[in-house]
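>
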Amino acid sequence: MADPARIKPEDSPEKEGFTNDEHLKTDETEHEPEPETSADGSKEPSRQDRPRDLNTEGEAAAADDEEEGTSGQPSAKRLKLEPEKKKEKRQKVDEDEIQKMQVLVSSFSEEQLNRYEMYRRSAFPKAAIKRLIQSITGSSVSQNVVIAMSGISKVFVGEIVEEALDVCEKWGDTPPLQPKHMREAVRRLKSRDQIPNSKYKNILFH
Amino acid sequence: MADEEDEPGFEEELDDGSGGLDAAGHGRRKRLFSKELRCMMYGFGDDQNPYTESVDILEDLVIEFITEMTHKAMSIGRQGRVQVEDIVFLIRKDPRKFARVKDLLTMNEELKRARKAFDEANYGS
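Here it is as structure tokens:
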């Protein structure tokens, strides 16, 4: 059974992560907790929100903790219901996403399958990354740091390659990416502040 | 066809042909990630055989990125050490990277728990 009050905030155009979660919170407390499915239309927005969802869930959880201290019974009950419902909703969204991915991958051509396999499997060697980080810090780093750093670096490479492919297409060239595409991509990303650069000091008044 | 790296000073000093004895060293050391980067570029949409010069540029960018992040991480939180919380903090503004790090760390925890449960089950029986 679809809960109309639940669907409404997800369909709302403002996708600001935190306010979205807040709407969900207030609506959920007014109605009975049902582990039900939200309507199909509302799945799209929640999936698009996912990258930001993880961001805001941390904030929402922090806000929850604060509330419990100040008010009494009702918010304690709210605290118990919130994470369960959100987890169920998240699991449902995960399952849908997994299913859709399976449908998509099953319809890939051989070349696409190859590329997808490379996309998923390629990774930086943990040993080399660990050596690199340790040579900079001078002290040892934990495994989680190496895992995080390799992951971020892979996303970084992806951003550059995607931007370079955009540049390549825009300039009317064909794939093997050339250094000029890479450099233009880096220049664009730098202007969007997606590439960290702490080499130059900003002298405000001189 | 492919641009030669003659333009001075854009990213790294790749036009310097001399070997590895330079203190400024990014571009000079042995290529660390050539194979993996080729696979990655193919996975992200490039040709199956990317140009070596492009792979080199990417490797320098990655090493510079990691160096920057490490230096920044050393300067915040616990000084002189790099911890996961510092990395997560530095990445907070970039939605893709932030989500990826959270996913990776969560999955790692789940895998560790699963392995531990598996080992305990074996030990018990």
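One line per chain: the protein sequences are X and L, in this order. For the first sequence, numbering that gives the first Met the number 0 begins at 0 and goes up steadily by one. For the second sequence, numbering that gives the first Met the number 0 begins at 0 and goes up steadily by one. Ideal placement from N, C-alpha and C gives every residue a C-beta, glycine not left out.
Taking only three categories from DSSP, how would you classify proline 124 of chain X?
On the first sequence, residue 124 of chain X is found 125 positions in, with the first residue counted as 1. In this structure, proline 124 of chain X counts as coil in the three-state DSSP scheme.
> Apart from the five residues just before and just after tyrosine 41 of chain L, which ones in its own chain have a Cβ nearer than 6 angstroms to its Cβ?
Numbered from its first residue, the second sequence carries residue 41 of chain L at position 42. Contacts found: Gln47.
> Step through the CB atoms of chain L and report whether any lies within less than 8 angstroms of the CB of serine 197 of chain X.
Counting from 1 along the first sequence, the entry for residue 197 of chain X is found at position 198. True, the Cβ-Cβ gap to chain L drops below 8 angstroms.
> Sorted by chain position, which residues of the same chain lie with C-beta nearer than 8 angstroms to glutamine 177 of chain X's C-beta, five sequence neighbours on each side aside?
Taking the first sequence and counting its residues from 1, the one referred to as residue 177 of chain X is at position 178. Cβ within range, chain order: Cys167.
> Return the residue from the list X/Leu203, X/Arg114, X/Lys189 that minimises the CA-CA distance to methionine 39 of chain L.
Residue mapping note: residue 39 of chain L aligns to position 40 of the second sequence, counting from 1. Comparing Cα-Cα distances from methionine 39 of chain L to each of X/Leu203, X/Arg114, X/Lys189, the minimum goes to X/Arg114.
> Exposed or buried, isoleucine 194 of chain X, counting other C-beta atoms within 10 Å across all chains shown (16 or more means buried)?
Translated into the one-based positions of the first sequence, residue 194 of chain X becomes position 195. Buried, since its Cβ has 16 or more Cβ neighbours within 10 Å.
> Can you give, in chain order, each stretch of the alpha helix (DSSP H) that sits fully within the region 139-174 of chain X and has at least 4 residues?
Runs found: 142-169.
> Are any of the Cβ atoms in chain L nearer than 8 angstroms to that of isoleucine 202 of chain X?
Indexing the first sequence from 1 puts residue 202 of chain X at position 203. Judged by the 8 angstroms Cβ criterion, isoleucine 202 of chain X is not in contact with chain L.
> If distances are taken between C-alpha atoms only, which option among X/Val104, X/Lys198, X/Ala126 comes closest to arginine 119 of chain X?
For the purposes of this step, residue 119 of chain X is taken as the residue at position 120 of the first sequence. Taking only the C-alpha atoms, the option nearest arginine 119 of chain X is X/Val104.
> Quick check on lysine 189 of chain X: does DSSP put it in helix, strand or coil?
Within the first sequence, residue 189 of chain X is the residue found at index 190, counting from 1. In the structure shown, lysine 189 of chain X sits in a helix (DSSP, three-state: H, G or I).
> Span of the alpha helix (DSSP H) holding methionine 42 of chain L?
Here residue 42 of chain L refers to the residue found at position 43 when the second sequence is read from its first residue. In the sequence as displayed, the identity of residue 42 of chain L is glycine instead of methionine. Note, glycine 42 of chain L: alpha helix (DSSP H), 33-43.
> Report the neighbours of lysine 153 of chain X on chain L: residues whose CB is nearer than 7 angstroms to its CB, in chain order.
If you number the first sequence from 1, residue 153 of chain X lands on position 154. Those are Met39, listed as they occur along chain L.
> Taking the C-alpha atoms as reference points, what is the distance between lysine 179 of chain X and lysine 115 of chain L?
Along the first sequence, one-based indexing puts residue 179 of chain X at 180. Along the second sequence, one-based indexing puts residue 115 of chain L at 116. If you take the alpha carbons of lysine 179 of chain X and lysine 115 of chain L, they lie about 49 angstroms apart.
> Do you know how far the Cα of glutamine 111 of chain X is from the Cα of aspartate 93 of chain X?
As a working mapping, residue 93 of chain X is identified with position 94 in the first sequence. As a working mapping, residue 111 of chain X is identified with position 112 in the first sequence. So the alpha carbons of these two residues sit roughly 23 angstroms apart.
> Could you list the residues in the region 98-120 of chain X with a C-beta less than 7 angstroms from some C-beta on chain L, going in chain order?
Taking 7 angstroms as the Cβ-Cβ cut-off against chain L, the residues of the region 98-120 of chain X that qualify are Arg114, Met117, Tyr118.
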